[in-house]
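Structure first, commentary second.
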Amino acid sequence: FVEFDPSWPVEVWCDPGYGESAYAVLAVQVMGQVVFVIDEIHEHGMTGEEIVEMAMNRPWWSNVEGGVIDFAGRQHHANTSQIEIWQAKAGIYLRSQPVPEEAGRERLRSFLRKDPLTGAPRIFFSPKCTETIKEFAKYQWRHRPEERVAGEKPINRHNDAIKALIYGLVDHFGYVEYPEIEVPAVEPRPWGQIFKVRQR
Numbered sequence: 438f439v440e441f442d443p444s445w446p447v448e449v450w451c452d453p454g455y456g457e458s459a460y461a462v463l464a465v466q467v468m469g470q471v472v473f474v475i476d477e478i479h480e481h482g483m484t485g486e487e488i489v490e491m492a493m494n495r496p497w498w499s500n501v502e503g504g505v506i507d508f509a510g511r512q513h514h515a516n517t518s519q520i521e522i523w524q525a526k527a528g529i530y531l532r533s534q535p536v537p538e539e540a541g542r543e544r545l546r547s548f549l550r551k552d553p554l555t556g557a558p559r560i561f562f563s564p565k566c567t568e569t570i571k572e573f574a575k576y577q578w579r580h581r582p583e584e585r586v587a588g589e590k591p592i593n594r595h596n597d598a599i600k601a602l603i604y605g606l607v608d609h610f611g612y613v614e615y616p617e618i619e620v621p622a623v624e625p626r627p628w629g630q631i632f633k634v635r636q637r
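Each residue of the sequence shown is one higher than the one before, starting from 438 at the first, in my numbering.
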């Protein structure tokens with residue numbers, strides 16, 4: 438059962454959402470290589486100031502030491518950017534960086550998979566995070582795996598909390614790195630020699 442640990446710092450991982458999207462804020466505690474999502478705010482039609490106010494009224498707020506936000510949070514859609522709103526109203530600075538979509542999804546998948554050493558995933562969710570859990574159920578691709586073409590992307594909706602997770606995971610752990618596989622060099626043979634081998 439995932440609960441807030443008052444002896445450990447908290448971060449807020451945010452995707453502000455625009456238009457019909459939700460403003461998603463995840464309260465997260467990172468303990469070593471394991472991530473605990475202890476609470477969520479997932480609202481439609483609310484301003485950044487209102488969302489910050491909600492966060493500041495949660496029991497874990499006094500432990501917040503920073504967080505991350507979508508790179509678009511730097512943009513001034515009105516008079517003030519989302520980063521500036523959090524800094525002015527809550528006194529915390531949210532980090533941000535551009536995150537390539539597929540690389541971000543792969544980082545999230547790496548935490549959802551079972552760790553070969555422990556047999557458990559490296560990310561856990563509180564039962565309070567109902568909207569985040571629903572997003573995983575609603576996350577859809579246009580085609581089944583066997584029908585997808587290279588470069589195809591998931592449908593871009595019902596994924597605001599998922600995006601917030603990706604921003605935080607990339608910020609803390611970087612991108613997934615796979616070891617390079619060395620392909621042994623094969624000495625070319627004359628065509629005549631290949632033909633003779635096949636005739637045997």
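Every residue, glycine too, gets a C-beta built ideally from N, C-alpha and C. Remember, predicted model here, so these are calculated numbers, not experimental data.
If residue i sits next to residue j, beta carbons under 8 Å apart, how far is it from one beta carbon to the other, in whole angstroms?
| i | j | result |
| --- | --- | --- |
| Ile522 | Glu486 | 6 Å |
| Asn596 | Glu568 | In fact, because the Cβ distance is near 11 Å, the residues do not count as touching under 8 Å. |
| Trp445 | Val505 | Actually they do not touch by this definition, with Cβ atoms about 17 Å apart. |
Going by beta carbon distance, what residues of the same chain come within less than 7 Å of residue i, once the five residues before and after it are set aside?
| i | result |
| --- | --- |
| Val570 | Looking at the sequence shown, residue 570 is not Val but Ile. Excluding positions up to five away in sequence, the list reads Phe562. |
| Glu480 | Ala459, Tyr460 and Ile488 |
| Tyr576 | Pro591, His595, Asn596 and Ile599 |
| Met483 | Tyr460 |
| His609 | Val467 |
| Thr555 | none |
| Gly456 | none |
| Ala540 | Tyr612 |
| Lys565 | Asp476 and Glu477 |
| Met493 | Ala527 |
Can the beta-carbon of residue i be found less than 8 Å from the beta-carbon of residue j?
| i | j | result |
| --- | --- | --- |
| Trp461 | Val447 | Just to set this straight, residue 461 is Ala in the shown sequence, not Trp. No, these two residues do not count as a Cβ contact at 8 Å. |
| Asp442 | Gln470 | no |
| Phe508 | Gln534 | yes |
| Glu543 | Val439 | no |
Please list, in chain order, all residues of the same chain as residue i whose beta carbon is under 8 Å from its beta carbon, the five residues on each side excluded.
| i | result |
| --- | --- |
| Pro558 | Phe548, Leu549, Arg550, Lys551 and Asp552 |
| Glu502 | Pro446, Val447, Glu448 and Ile529 |
| Ser518 | Gly510, Arg511 and Gln512 |
| Val536 | Phe508, Ile603, Tyr604 and Val607 |
Leaving out five residues before and five after residue i in sequence, what residues of the same chain have Cβ atoms less than 6 Å from its Cβ?
| i | result |
| --- | --- |
| Arg585 | Bear in mind that a pLDDT of 49 at Arg585, under 50, signals an unreliable position, so the model cannot answer this. |
| Met491 | Ile478 |
| His580 | Residue placement at His580 is flagged as unreliable, the pLDDT there being 47, under the threshold of 50; a coordinate-derived value is accordingly withheld. |
| Asp452 | Ala461, Asp507, Asp597, Lys600 and Ala601 |
| Ile560 | Val472 and Phe548 |
| Ala587 | With a pLDDT of 49 at Ala587, under the threshold of 50, the predicted position of this residue should be treated as unreliable, and no value is reported. |
| Gly454 | Tyr460 and Asp597 |
Margin query: I'd like to know if the stretch 472-481 and the stretch 513-530 are in contact, where contact means that at least 3 CB-CB pairs between them fall below 8 Å.
Written below: no
Check: Does the stretch 599-611 touch the stretch 489-501, meaning 3 or more C-beta pairs lie closer than 8 Å?
Finding: no
Next item on the list: Any chance you could list the alpha helix (DSSP H) runs of at least 4 consecutive residues sitting entirely within the stretch 462-504, in chain order?
Entry: 485-493
Item checked: In chain order, each alpha helix (DSSP H) run of at least 4 residues that lies wholly inside the stretch 530-585 -> 538-549 and 567-575
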